[in-house]
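Numbering-wise, my numbering puts 82 at position 82 of the sequence shown, and it's gapless, one number per residue. From the three backbone atoms N, C-alpha and C, an ideal C-beta is built for every residue, glycine too. For reference, the structure is listed below as structure tokens.
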Amino acid sequence: MRLTGRDGHPVGREQQLSHRSSTTMNDFTTGAPTDRLPTLVRTRRGYRVHDPALLQGTSYVIDDAGDLVYTKVPAGVMTASAFLAATVTAVTVGAHSWTLAMLVFVIGLPVAFAAAAALLSLVHAATDPVRRYRARFGNSRFALDVTDRSSADWQLCARAERLAASRSWQAGRIDPTRTLGGLLWTAVGGGETWAADALTTLAEPATGPDLTSV
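As structure tokens, this is what we get:
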């Protein structure tokens with residue numbers, strides 16, 4: 001089966017690409033590292049490239065494992081809230097009995113965790129970036145795996161990875177409008193030569209001691 005872009009035309013790239021049909025959503029995580037391209041993830045077999053439109057206008061990032069992470073829930077905040085709620089309830093109900101307070105806490109803690117998990121599930125259901133993407137683009141692919149080390153797409157991913165890790169790119173001296181992710185997706189996911197050329201050109205200028213050519 002040949003891959004197609006959002007416009008329905010065949011991609012026509014020489015390497016074999018695979019796609020993971022769904023993306024996991026993680027909780028209690030603070031976000032993606034700043035030393036890599038937000039839409040490019042290293043996998044055991046190679047690279048996974050995501051369409052930047054998947055994250056556009058959302059409060060999600062893609063972590064190192066390729067999972068969607070909701071950034072508006074700081075690490076541990078739901079756990080702390082559930083523990084605090086169970087503690088306050090136990091102290092209030094069992095104010096005159098230590099045994100009753102402990103019993104209420106033991107019973108209330110799992111209930112509080114279940115309530116927190118249910119609330120988080122509702123948040124994910126309401127803000128699911130995959131569902132928003134499907135609503136905009138139908139059943140189009142939003143991520144592609146690049147596994148052929150000898151392919152042009154692998155070279156593009158490696159070049160984009162090195163560029164995004166450079167201090168020049170992170171400081172905004174290169175690509176201040178942050179077109180790198182879109183160019184990579186258009187080149188790899190859409191098979192557009194102009195995007196591949198633009199990405200290569202973007203990575204070529206020498207800018208600072210940390211980046212002479214990538």
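message: Just to confirm, is the Cβ distance from Asp147 to Thr58 under 9 Å?
response: In the sequence shown, the residue the question calls residue 147 occupies position 147. In the sequence shown, the residue the question calls residue 58 occupies position 58. Strictly speaking, residue 147 in this sequence is Thr, with Asp absent from that position. Using a Cβ distance threshold of 9 Å, Thr147 and Thr58 do not count as a contacting pair.
- request: Could you please give the first and the last residue of the uninterrupted beta strand (DSSP E) stretch that includes Arg48?
  value: As a first step, residue 48 is located in the sequence shown; it is residue number 48 there, counting from the start. Run containing Arg48: Tyr47 to His50, per the beta strand (DSSP E) assignment.
message: One question on the structure: do Asp63 and Ala143 come within less than 9 Å of each other, judged by their Cβ atoms?
response: The residue you call residue 63 lines up with position 63 of the sequence shown. The residue you call residue 143 lines up with position 143 of the sequence shown. No, these two residues do not count as a Cβ contact at 9 Å.
task: Classify Trp194 as buried or exposed, calling it buried when 16 or more other Cβ atoms lie within 10 Å of its own Cβ.
output: Numbered from its first residue, the sequence shown carries residue 194 at position 194. Burial call: exposed.
- request: Rounded to whole angstroms, what's the CA-CA distance from Gly138 to Pro110? Just pull it up for me.
  value: Numbered from 1 along the sequence shown, position 138 holds the residue referred to as residue 138. Numbered from 1 along the sequence shown, position 110 holds the residue referred to as residue 110. The alpha-carbon atoms of Gly138 and Pro110 are separated by roughly 39 Å.
task: Name the one or two DSSP bridge partners that Val41 has.
output: The residue you call residue 41 lines up with position 41 of the sequence shown. Looking at the DSSP output, Val41 sits in a beta bridge with Arg48.
message: Please report the distance separating the alpha-carbon of Gly46 from that of Glu161.
response: Translated into positions along the sequence shown, residue 46 becomes position 46. Translated into positions along the sequence shown, residue 161 becomes position 161. Cα to Cα, Gly46 sits roughly 12 Å from Glu161.
message: Are the CB atoms of Ala203 and Leu163 within a distance shorter than 9 Å?
response: Along the sequence shown, one-based indexing puts residue 163 at 163. Along the sequence shown, one-based indexing puts residue 203 at 203. Closer than 9 Å, so yes.
- request: Leaving out five residues on either side along the sequence, give the residues of the same chain with a beta carbon under 8 Å from the beta carbon of Leu40.
  value: Residue numbering aside, residue 40 sits at position 40 when the sequence shown is read from its first letter. Tyr47, Arg48, Val49, His50, Cys157, Ala160, Glu161, Ala164, Gly181 and Leu184, listed in sequence order.
query: Thinking just about the alpha-carbon of each residue, which of Thr177, Ala135 and Leu199 is nearest to the one in Ala152?
result: Stepping through the sequence shown from its first residue, residue 152 is reached at position 152. Residue Leu199 is the option with its Cα nearest to Ala152.
task: Under 7 Å Cβ to Cβ from Pro129, same chain only, skipping five residues before and after it: list those, please.
output: For the purposes of this step, residue 129 is taken as residue 129 along the sequence shown, with counting starting at 1. Contacts found: Leu54, Leu55, Thr58, Tyr60 and Leu68.
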